[in-house]
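Heads up: the structure comes next, in structure tokens.
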Amino acid sequence: MSKENLIFGGLMAAGLAVLGAYYVSTLPATAASHSEADGPGPNLEITVAGEANGTIVIDLLPDVAPAHVEQITTLAAEGAYDNVVFHRVIEGFMAQTGDVEFGVVGGDVRMAGRGGSDRPDLAAEFSDIPYERGIVGMARAQNPNSANSQFFIMFAEAPFLNGQYTVVGRV
Numbered sequence: 011m012s013k014e015n016l017i018f019g020g021l022m023a024a025g026l027a028v029l030g031a032y033y034v035s036t037l038p039a040t041a042a043s044h045s046e047a048d049g050p051g052p053n054l055e056i057t058v059a060g061e062a063n064g065t066i067v068i069d070l071l072p073d074v075a076p077a078h079v080e081q082i083t084t085l086a087a088e089g090a091y092d093n094v095v096f097h098r099v100i101e102g103f104m105a106q107t108g109d110v111e112f113g114v115v116g117g118d119v120r121m122a123g124r125g126g127s128d129r130p131d132l133a134a135e136f137s138d139i140p141y142e143r144g145i146v147g148m149a150r151a152q153n154p155n156s157a158n159s160q161f162f163i164m165f166a167e168a169p170f171l172n173g174q175y176t177v178v179g180r181v
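Take my numbering: the final residue in the sequence shown is number 181, and no numbers are missing along the way.
What follows is the structure, given as structure tokens:
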């Protein structure tokens, strides 16, 4: 068995999903996947391989967090998110991905969650949008102005995150 297969199998055994590809698209405003609450902004489409395979479509909210959405869409367009793992998955809470430095399949994924892109960290863009199932927020360190490339998808309501992390979209 090749080293790549061992790494991939190990990731799946650890309960991590591998991102097959990320890309940004703009769906028509009449598309069924848009609700009235969703903005007309770009969508981030994530193809997940492995046990939890499928496609996740995130409606990004440029009116809520313009700098963060710009950073995500730029990184996606550059292919930075390709083959990046969900390195932190907490059942009933959230799944985190986006470590474009250390979270890439074939690299040292033991470091996943500690890195970011070569782009500057972003100033917080907090909003009144509550953290509930389907909300996508930017991950950061203790400094509120340290978000870079990592983001998380909520599985459930988490009011203790409200006003503490930048909301960038919704599934």
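Just so it is clear, CB atoms sit at the ideal spot from N, CA and C, and this is done for glycine as well.
What you are looking at is a predicted structure, and each value in this text was computed from that prediction instead of being measured.
The C-alpha of residue 173 lies about 8 Å from the C-alpha of residue 139. Collapsing the DSSP output to three states places residue 71 in coil.
Counting the other CB atoms within 10 Å of its CB gives residue 109 a total of 16 or more, which places it among the buried residues.
The continuous alpha helix (DSSP H) containing residue 80 extends over residues 76-87.
A distance of 7 Å or more separates the beta carbons of residue 86 and residue 178. For residue 135, no beta strand (DSSP E) run applies, since DSSP gives it neither H nor E. Closest in C-alpha terms to residue 143, from the list 80, 171, 90, comes 171. Taking C-beta atoms under 8 Å as the contact rule, residue 96 and residue 107 qualify, at a distance of about 5 Å. 7 Å or more divides the Cβ of residue 162 from the Cβ of residue 121. Per DSSP, the beta bridge partners of residue 104 are 100, 164.
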